[in-house]
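All remarks here apply to the structure that follows.
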Amino acid sequence: MRLRLTLAALLASVGPALAAADAPVVPVFVEETKSSGIDSTYTGQWQYMVGGGAAVFDCNGDGFEDVLIAGGEKPATFYVNTSSRGGALSFRTHQSGLEVDAMTGAYPLDVDGDGIMDVVVLRVGENIVMKGKGDCSFARANEDWGFDGGDGWSTAYAATWEKGNDWPTIAIGNYIDRTQELEPWGSCTPNVLQRPKAGAMGFAPEIELTPSFCPLSMLFTDWNNSGTADLRMANDREYYEGGQEQMWRIRPGEPPTLYTKADGWAYLRIWGMGLAGYDLDGDGFQEYAITSMADNKLQTLKEPPKDGAAPKPTFKDIGWPKGVTAHRPFTGDDLRPSTAWHIDFQDVNNDGLADLFIAKGNVSEMPDFAMKDPNNLLVQGDDGKFIEMADKAGVASTESARGGVLADFNFDGLVDMLVVNRNTPSQIWRNVTPGAGNWVQVRLSQPGDNVNAIGAMVEVTTELGRQTREVVSGGGHVSGQSGWVHFGIGGAKAAEVRVRWPGEDWGKAYALDANQFAILDKAATVPAAWTPPR
Numbered sequence: 002m003r004l005r006l007t008l009a010a011l012l013a014s015v016g017p018a019l020a021a022a023d024a025p026v027v028p029v030f031v032e033e034t035k036s037s038g039i040d041s042t043y044t045g046q047w048q049y050m051v052g053g054g055a056a057v058f059d060c061n062g063d064g065f066e067d068v069l070i071a072g073g074e075k076p077a078t079f080y081v082n083t084s085s086r087g088g089a090l091s092f093r094t095h096q097s098g099l100e101v102d103a104m105t106g107a108y109p110l111d112v113d114g115d116g117i118m119d120v121v122v123l124r125v126g127e128n129i130v131m132k133g134k135g136d137c138s139f140a141r142a143n144e145d146w147g148f149d150g151g152d153g154w155s156t157a158y159a160a161t162w163e164k165g166n167d168w169p170t171i172a173i174g175n176y177i178d179r180t181q182e183l184e185p186w187g188s189c190t191p192n193v194l195q196r197p198k199a200g201a202m203g204f205a206p207e208i209e210l211t212p213s214f215c216p217l218s219m220l221f222t223d224w225n226n227s228g229t230a231d232l233r234m235a236n237d238r239e240y241y242e243g244g245q246e247q248m249w250r251i252r253p254g255e256p257p258t259l260y261t262k263a264d265g266w267a268y269l270r271i272w273g274m275g276l277a278g279y280d281l282d283g284d285g286f287q288e289y290a291i292t293s294m295a296d297n298k299l300q301t302l303k304e305p306p307k308d309g310a311a312p313k314p315t316f317k318d319i320g321w322p323k324g325v326t327a328h329r330p331f332t333g334d335d336l337r338p339s340t341a342w343h344i345d346f347q348d349v350n351n352d353g354l355a356d357l358f359i360a361k362g363n364v365s366e367m368p369d370f371a372m373k374d375p376n377n378l379l380v381q382g383d384d385g386k387f388i389e390m391a392d393k394a395g396v397a398s399t400e401s402a403r404g405g406v407l408a409d410f411n412f413d414g415l416v417d418m419l420v421v422n423r424n425t426p427s428q429i430w431r432n433v434t435p436g437a438g439n440w441v442q443v444r445l446s447q448p449g450d451n452v453n454a455i456g457a458m459v460e461v462t463t464e465l466g467r468q469t470r471e472v473v474s475g476g477g478h479v480s481g482q483s484g485w486v487h488f489g490i491g492g493a494k495a496a497e498v499r500v501r502w503p504g505e506d507w508g509k510a511y512a513l514d515a516n517q518f519a520i521l522d523k524a525a526t527v528p529a530a531w532t533p534p535r
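In structure tokens form, the structure reads like this:
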């Protein structure tokens with residue numbers, strides 16, 4: 002259960018904007034696409050009907066998060082963040098080496114652990130790992146690192162560090178066999194896993210993850226708090242018979258194996274498109290949101306473990322009672338089912354409760370599904386239910402959205418929003434919510450090769466309760482980010498933060514003041530306060 006004070010103590014401890022609030026603070030966003038310098042469109046015919054993502058990460062060491070946007074048939078565009086703290090969103094194009102064509106999406110990952118971010122580029126054709134050279138420049142590293150980019154239609158990615166390995170394990174999800182243009186149904190291209198090469202830098206040959214069911218998102222996640230991440234996939238049922246959503250058991254030194262009905266894995270067949278996790282109820286186990294055509298899913302463990310017993314991978318859907326099915330457009334008169342893509346949990350009004358953003362857009366004028374399909378911004382209330390506020394917030398765009406990222410681009414403590422649309426320009430909104438709560442933002446660092454602590458858990462506790470986020474590389478829809486981890490904390494003046502570093506137990510708690518940026522270095526004894534340079 003979420004930790005609570007008595008009502009009197011709570012009212013005395015929070016600010017006036019939140020003290021009487023049964024209803025959540027309404028978030029407010031201002032679109033700044035034209036003035037921001039973001040001018041990018043994801044284009045292409047049927048091979049680009051899926052994909053259309055963005056990668057967000059700091060490429061020049063100034064702390065501000067820069068942006069790579071896939072172009073589909075056109076080259077991608079890279080933008081350096083030139084915003085100032087609290088100011089309008091501002092970016093400039095930069096020739097980085099990432100201007101690759103046929104890109105469906107991208108994810109930042111420091112593959113070689115040198116402290117300079119690299120980027121895994123998903124494409125229609127060969128995937129590419131681009132090594133960061135510093136100062137926002139990148140070069141191809143497939144051959145040097147033994148990365149097999151294949152020749153598929155890649156639409157999903159996830160990465161983790163398996164225990165004892167110096168290099169990451171990377172999973173790539175592939176869509177239908179694009180050579181079968183007349184009869185593509187039932188022709189999902191095999192998904193693959195690339196583990197590190199034993200005793201050397203680089204990757205070993207690929208391992209096929211079959212059966213493969215056309216994933217549009219995947220995520221390495223420690224769903225059972227075992228300290229070891231498994232690989233969960235959101236699979237698109239459109240192109241296969243008899244398939245289902247999947248989760249693969251990933252154990253160091255062992256072949257990957259599927260969780261089955263005998264393990265407790267429950268059969269679920271949807272048009273899986275996006276995937277995100279967050280511990281919504283404070284019980285220490287994550288819930289998982291999966292986007293689809295028609296109703297979206299929100300899953301929680303059916304039987305949380307008792308007395309330290311290991312949980313079974315049996316999940317039940319709580320989307321309907323929580324109000325997050327988002328199965329039809331919530332505005333207009335089109336009653337046909339929605340089509341949902343990127344999904345992300347972020348606290349957009351800083352009240353200490355995670356909210357849920359869903360990008361919407363018809364695949365390609367499919368007549369059975371809504372054409373004017375507004376994005377959703379589902380804001381969580383104190384009762385754990387979500388309320389649709391995209392129209393009030395100003396982000397209910399009806400363009401054909403695909404990927405996106407929610408991040409604090411101007412370091413004012415409010416999470417901004419970038420959405421990639423298909424065949425129309427990408428959009429970016431600045432969060433200007435009046436009456437928003439306080440916040441803390443942390444960035445993790447640890448010695449060794451997994452320098453950004455992929456797989457860590459970050460826990461923030463205030464009098465309003467406990468929030469837990471997993472640091473991942475993957476999920477969403479072909480869109481990834483690396484850097485600051487944001488938590489709203491309502492009216493609290495301080496927060497306790499602790500980290501469960503990858504493969505370890507929880508560390509000690511650190512006190513952070515409200516509205517503080519802090520770098521949590523595993524090798525340091527105290528957090529390092531950080532101030533934006535401009």
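Numbering (our numbering), first residue to last: 2 to 535.
For glycine and all other residues, C-beta sits at the position ideal for the given N, C-alpha and C.
Problem set entry | Coarse secondary structure for A9, derived from DSSP in three states | Taking the first residue of the sequence shown as 1, we reach residue 9 at position 8. Note that A9 has pLDDT 33, beneath the 50 cutoff, so the model's placement of it is unreliable and the number below is only indicative. Residue state, collapsed to three classes: helix.
For this session: List in chain order: all unbroken alpha helix (DSSP H) runs of 4+ residues lying wholly within the segment 269-353.
Result: If you keep only unbroken alpha helix (DSSP H) runs of at least 4 residues inside the segment 269-353, you get 320-323.
For this session: Check the DSSP bridge columns for A55 and list the partner residues they point to.
Result: Counting from 1 along the sequence shown, the entry for residue 55 is found at position 54. Paired residue(s): I70.
Problem set entry | Of the listed residues W440, G165 and I455, nearest to Q447 (C-alpha basis) | To locate residue 447, count along the sequence shown from 1; it is residue 446. For the residues W440, G165 and I455, the minimum Cα distance to Q447 belongs to I455.
Exercise. Starting from S84 and walking both ways along the alpha helix (DSSP H), at which residues does that stretch end?
Worked result: Looking up residue 84 in the sequence shown gives position 83. Here S84 belongs to no alpha helix (DSSP H), and DSSP marks it neither H nor E.
For this session: Leaving aside the five residues before and after S398 along the sequence, list all residues of the same chain whose C-beta is less than 8 Å from its C-beta, in chain order.
Result: Taking the sequence shown and counting its residues from 1, the one referred to as residue 398 is at position 397. P375, N376, V420, N422 and Q428.
Exercise. Nearest-angstrom Cα distance between D384 and P25?
Worked result: Taking the first residue of the sequence shown as position 1, residue 384 is located at position 383. Taking the first residue of the sequence shown as position 1, residue 25 is located at position 24. Answer to the nearest angstrom: the Cα atoms are 10 Å apart.
Exercise. Thinking C-beta only, is V486 closer than 8 Å to V472?
Worked result: The residue labelled residue 472 in the question sits at position 471 within the sequence shown. The residue labelled residue 486 in the question sits at position 485 within the sequence shown. In this structure, V472 lies near V486, with their beta-carbon atoms less than 8 Å apart.
For this session: Using three-state DSSP, classify A371 as helix, strand or coil.
Result: Position 370 of the sequence shown holds residue 371. Of the three classes helix, strand and coil, the one that applies to A371 here is coil, per DSSP.
Problem set entry | 7 Å Cβ shell around G98 - same chain, five flanking residues per side excluded | Taking the sequence shown and counting its residues from 1, one reaches residue 98 at position 97. Here the set comprises M131, S138, F139 and A140.
Exercise. Quick one: is A529 buried, meaning 16 or more other Cβ sit within 10 Å of its Cβ, or exposed?
Worked result: Here residue 529 refers to the residue found at position 528 when the sequence shown is read from its first residue. It counts as exposed.
Exercise. Do L232 and A159 have their CB atoms nearer than 8 Å?
Worked result: Working through the sequence shown from its first residue, we reach residue 232 at position 231. Working through the sequence shown from its first residue, we reach residue 159 at position 158. Less than 8 Å separates the beta-carbon of L232 from that of A159.
For this session: Could you spell out the range, first to last residue, of the alpha helix (DSSP H) harbouring D413?
Result: Taking the first residue of the sequence shown as 1, we reach residue 413 at position 412. Where D413 is concerned, there is no enclosing alpha helix (DSSP H), given that its DSSP letter is neither H nor E.
Exercise. In or out: P253 buried (at least 16 other Cβ within 10 Å) or exposed?
Worked result: In the sequence shown, residue 253 corresponds to position 252, counting from 1. Burial call: exposed.
Problem set entry | T170 classed as buried or exposed, judged by whether at least 16 other C-beta atoms fall within 10 angstroms | Taking the first residue of the sequence shown as position 1, residue 170 is located at position 169. It is buried - the Cβ of T170 has at least 16 other Cβ atoms within 10 Å.
Exercise. Rounded to the nearest angstrom, how far is the Cβ of P338 from that of A391, given a contact under 8 Å?
Worked result: Stepping through the sequence shown from its first residue, residue 338 is reached at position 337. Stepping through the sequence shown from its first residue, residue 391 is reached at position 390. Between A391 and P338 the Cβ distance is about 17 Å, and since that is not below 8 Å, they are no contact.
For this session: With hydrogens ignored, establish whether the beta-carbon of F370 is closer than 7 Å to any heavy atom of the ligand GDP.
Result: The ligand GDP is not part of the structure shown, which contains no ligands of any sort.
Exercise. Among S401, G466, V443 and S85, which has the Cα closest to the Cα of A355?
Worked result: What you label residue 355 is simply residue 354 of the sequence shown in a count that begins at 1. Out of S401, G466, V443 and S85, G466 has the C-alpha closest to the C-alpha of A355.
Exercise. How big is the Cα-Cα spacing for N61 and G135?
Worked result: In the sequence shown, counting from the first residue as 1, residue 61 sits at position 60. In the sequence shown, counting from the first residue as 1, residue 135 sits at position 134. If I take the Cα positions, the gap works out to 7 Å.
Exercise. What does a CB cutoff of less than 7 Å around T326 pick up in its chain, not counting 5 residues either side in sequence?
Worked result: Walking along the sequence shown from the start, residue 326 turns up at place 325. Correct list, in chain order: D296, N297 and G320.
For this session: Could you tell me which uninterrupted beta strand (DSSP E) segments, each at least 3 residues in length, are contained entirely in the segment 84-149, listed from first to last along the chain?
Result: Taken in chain order, the complete beta strand (DSSP E) segments of 3 or more residues contained in the segment 84-149 are 92-94, 104-110, 119-126, 129-135 and 138-141.
Exercise. Alpha carbon to alpha carbon, how far is A55 from T258?
Worked result: Residue numbering aside, residue 55 sits at position 54 when the sequence shown is read from its first letter. Residue numbering aside, residue 258 sits at position 257 when the sequence shown is read from its first letter. Per the coordinates, the alpha-carbon of A55 lies some 31 Å from the alpha-carbon of T258.
Problem set entry | Endpoints, the alpha helix (DSSP H) within which K35 is located | The count along the sequence shown starts at 1 and reaches residue 35 at position 34. Unbroken alpha helix (DSSP H) run through K35: T34 to S37.
Exercise. What residues are listed by DSSP as bridge partners for G504?
Worked result: Here residue 504 corresponds to residue number 503 of the sequence shown, with the count starting at 1. Answer is none; G504 lacks a bridge partner.
For this session: Let me know the beta strand (DSSP E) ranges lying completely inside the segment 196-261, each 3 residues or longer, listed in chain order.
Result: Secondary structure in the segment 196-261: the beta strand (DSSP E) runs of 3 residues or longer, each lying completely within the stretch, are 208-210, 216-222, 231-236 and 247-250 in chain order.
Problem set entry | Own chain, CB closer than 6 Å to D450, minus 5 neighbours either side, in chain order | For this step, residue 450 is matched to residue 449 along the sequence shown. Around D450: G114 and D167.
For this session: Within 10 angstroms of the Cβ of S469, are there 16 or more other Cβ atoms? Answer buried if so, exposed if not.
Result: Residue numbering aside, residue 469 sits at position 468 when the sequence shown is read from its first letter. What sits at residue 469 in the sequence shown is Thr, not Ser. If you draw a 10 Å sphere on the C-beta of T469, you find 16 or more other C-beta atoms in it, and that means buried.
For this session: Whole angstroms is fine: what's the gap from I251's alpha carbon to D111's?
Result: One-based indexing of the sequence shown puts residue 251 at position 250. One-based indexing of the sequence shown puts residue 111 at position 110. So the alpha carbons of these two residues sit roughly 21 Å apart.
For this session: Look at the alpha carbon of R540 and the alpha carbon of W272, and state the distance between them as a whole number of angstroms.
Result: Not covered by the structure: residue 540. The range shown for the chain is 2 to 535.
For this session: Please name the residue, chosen from I359, V364 and N424, that lies closest to L407 on a Cα-to-Cα basis.
Result: Within the sequence shown, numbered from 1, the residue matching residue 407 stands at position 406. Among I359, V364 and N424, the Cα nearest to that of L407 belongs to I359.
Exercise. Under the rule that 16 or more other beta-carbon atoms within 10 Å means buried, what is V416, buried or exposed?
Worked result: What you label residue 416 is simply residue 415 of the sequence shown in a count that begins at 1. Buried, by the Cβ-count rule.
Exercise. Roughly how many angstroms lie between the CA atoms of Q195 and M118, to the nearest whole one?
Worked result: Taking the sequence shown and counting its residues from 1, one reaches residue 195 at position 194. Taking the sequence shown and counting its residues from 1, one reaches residue 118 at position 117. Q195 and M118: Cα-Cα distance of roughly 19 Å.
For this session: State buried or exposed for L336, treating a residue as buried only when at least 16 other CB atoms are found within 10 Å of its CB.
Result: Within the sequence shown, residue 336 is the residue found at index 335, counting from 1. Classification of L336: exposed, given that the 10 Å Cβ count is below 16.
Problem set entry | beta strand (DSSP E) runs contained entirely in the segment 404-470, provided each spans 3 or more residues | Taking 3 residues as the minimum length, the beta strand (DSSP E) runs contained wholly in the segment 404-470 are 417-422, 428-432, 439-446 and 458-463, in order along the chain.
Exercise. Hey, N225 and A142 are a contact pair by Cβ (cut 8 Å); roughly how many whole angstroms apart?
Worked result: For the purposes of this step, residue 225 is taken as residue 224 along the sequence shown, with counting starting at 1. For the purposes of this step, residue 142 is taken as residue 141 along the sequence shown, with counting starting at 1. Between N225 and A142 a beta carbon distance of about 34 Å is seen, past the 8 Å cut, so the two are scored as non-contacting.
Exercise. In three-state terms, what does DSSP make of Q46?
Worked result: To locate residue 46, count along the sequence shown from 1; it is residue 45. Here Q46 sits in coil by DSSP.
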